[in-house]
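Report on the structure given below.
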DNA sequence: CTTGGAATTGAACGCGCGTGCAGATACCAC
DNA sequence: GTGGTATCTGCACGCGCGTTCAATTCCAAG
């Protein structure tokens with residue numbers, strides 16, 4: 027079995043993952059059948075169980091991989107010097123990354139309730155770890171007297187919600203370029219937290 | 027039949043609506059069966075069809091009623107004088123209303139894809155009408171030189187996303203009171219748009 | 001060319017789904 | 001009490017679901 031041998035270790039087959047991601051994002055986890063995913067891959071339904079123990083684990087794999095992806099890419103992002111630059115880097119990164127991974131981002135906050143409690147807790151922890159990255163920046167700026175934020179946790183949630191919201195309306199080739207959007211959001215965020 | 031006679035006109039039975047709202051919000055539209063809703067009401071599944079033509083229309087009724095509710099309550103909200111006061115009123119209203127109607131708000135942006143295109147268009151139009159209320163405030167302030175917003179449409183989406191995000195983390199009896207949350211968000215929003 | 005394990009099929013399982021409908025029941029005007 | 005109508009039950013229908021598994025096909029190593 028592919029699951030126990032091969033060089034993929036415990037990674038779900040790429041073609042299966044891609045199909046599942048696309049369909050889950052478009053129609054919702056509960057509305058997509060294993061047969062539909064299989065058809066997209068060009069295989070019979072039973073063959074999917076060579077790559078995942080069950081449907082729910084397939085969803086978890088997608089969310090887990092996405093969160094790992096977010097965290098590792100943020101870790102590798104240049105952050106400049108000081109809280110101001112770091113905040114700007116975060117805003118730019120979050121918007122850019124969310125737009126290039128729109129389906130995964132969408133899944134990650136729409137389908138959490140379809141995870142088992144154990145899997146949910148894992149994703150939740152990764153999400154919190156990401157939020158903590160932003161909160162640390164705000165705390166630094168607050169300590170340095172650059173930012174005036176009454177509650178860093180609230181400000182963190184507010185900023186992330188605002189940034190993630192870009193996914194709901196931004197369309198490639200629309201009125202505003204991605205660069206322009208990033209710039210405007212940076213201005214708004216900077217003013218919202220500045221001392 | 028209740029649907030064709032009675033004083034309810036075409037309004038779905040209140041008990042059915044309440045049960046559907048609660049279950050759809052908790053488990054998702056696709057994951058809730060008509061039998062579960064019926065059980066919650068204390069009735070057999072077939073009886074639900076006295077109140078709704080089908081499952082999808084039940085969802086639409088909930089979303090439509092919510093959007094009407096939002097718009098009529100905002101219309102009745104005192105808005106003070108001038109863009110600054112109006113913006114504060116909007117922020118306060120949106121947070122307060124979203125928190126008291128958490129389930130409906132959640133449904134309204136999670137289950138849009140389960141509507142028929144016609145129903146979707148109706149809800150979308152109401153949503154845009156609501157967004158236009160905020161955008162008009164920003165435009166007024168911009169024209170008056172009170173606000174400095176490069177793009178009122180973008181700012182509208184950013185602010186609404188930020189405010190609606192409160193629903194994802196706020197818990198009654200938590201660290202921050204509702205009044206305090208409203209106050210902090212008002213400060214952030216005001217600073218984000220102020221000239 | 002043989003062989004053996006990996007990959008996949010195809011059929012089957014039990015189940016719950018949304019919905020329809022004939023018949024039973026509850027309720028209210030007379 | 002009787003009649004009629006609003007309400008609801010109980011069952012049925014066809015269907016697609018997630019998942020399993022024996023049987024088959026594929027393919028590289030010997």
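Chains as they are written, first to last, in our numbering: chain A, 27 to 221; chain B, 27 to 221. All C-beta atoms, glycine included, are put in the ideal place defined by N, C-alpha and C. None of the values given here were measured: they were computed from a predicted structure.
For residue 134 of chain B, the uninterrupted alpha helix (DSSP H) run begins and ends at 128 to 136, by DSSP.
Excluding five sequence positions before and after residue 49 of chain A, the CB atoms of its chain that fall closer than 8 Å to its own CB belong to 58, 62, 63, 66, given in chain order. When secondary structure is reduced to three states using DSSP, residue 220 of chain B falls in the strand class. Relative to residue 159 of chain A, the option among A/109, A/133, A/129, A/136 whose CA is nearest is A/109. Under a criterion of Cβ atoms nearer than 8 Å, the residues of chain B adjacent to residue 176 of chain A are, in order, 210, 213. Taken in chain order, the unbroken stretches of alpha helix (DSSP H) that lie wholly in the segment 94 to 126 of chain B and span 4 residues or more are 108 to 126. Rounded to the nearest angstrom, the Cβ distance from residue 113 of chain B to residue 191 of chain B is 18 Å, too far for a contact under 8 Å.
For residue 126 of chain A, the number of other beta carbons within 10 angstroms of its own is below 16, and it is reported as exposed.
For residue 182 of chain A, the enclosing alpha helix (DSSP H) begins and ends at 178 to 190. The beta carbon of residue 182 of chain B sits closer than 7 Å to those of 157, 160, 161, 164, all from its chain and outside the five residues before and after it, given in chain order. Residue 173 of chain B is bridged by DSSP to B/220. Between residue 215 of chain A and residue 117 of chain A, the C-beta gap is smaller than 8 Å, which places the two residues in contact. Apart from sequence neighbours up to five positions away, the residues of its chain that approach residue 141 of chain B with a beta-carbon distance below 8 Å are 82, 85, 86, 89, 149, ordered along the chain. No Cβ of chain B is located within less than 8 Å of the beta carbon of residue 160 of chain A. Chain order gives no chain A residues near residue 60 of chain B, where near means a beta carbon separation below 9 Å; the closest approach is about 15 Å.
Burial state of residue 147 of chain B is exposed, judged by a 10 Å Cβ sphere holding fewer than 16 other Cβ atoms. The beta carbon of residue 181 of chain B sits closer than 8 Å to some beta carbon of chain A.
Using a Cβ-Cβ cut-off of 8 Å, residue 188 of chain A counts as an interface residue toward chain B, since at least one Cβ of chain B sits closer than that to its own. Interface flag for residue 100 of chain B against chain A is unset, since no Cβ pair is found closer than 8 Å.
Straight through space, the alpha carbons of residue 177 of chain A and residue 170 of chain A are spaced by roughly 15 Å. Put simply, the backbone Cα of residue 53 of chain B is about 23 Å away from that of residue 187 of chain B. Within chain B, the residues 214, 217, 218 have their CB atoms less than 7 Å from the CB of residue 218 of chain A, given in chain order. If you draw a straight line from the Cα of residue 104 of chain B to the Cα of residue 210 of chain A, it comes to about 30 Å.
Note that the C-beta distance between residue 93 of chain A and residue 152 of chain A is below 8 Å. Among the residues of chain B, none has a CB under 8 Å from the CB of residue 147 of chain A; the nearest is roughly 17 Å distant. When the beta-carbon positions are compared, residue 193 of chain A and residue 132 of chain A come within less than 8 Å of each other. Note that the C-beta distance between residue 51 of chain A and residue 129 of chain A is below 8 Å.
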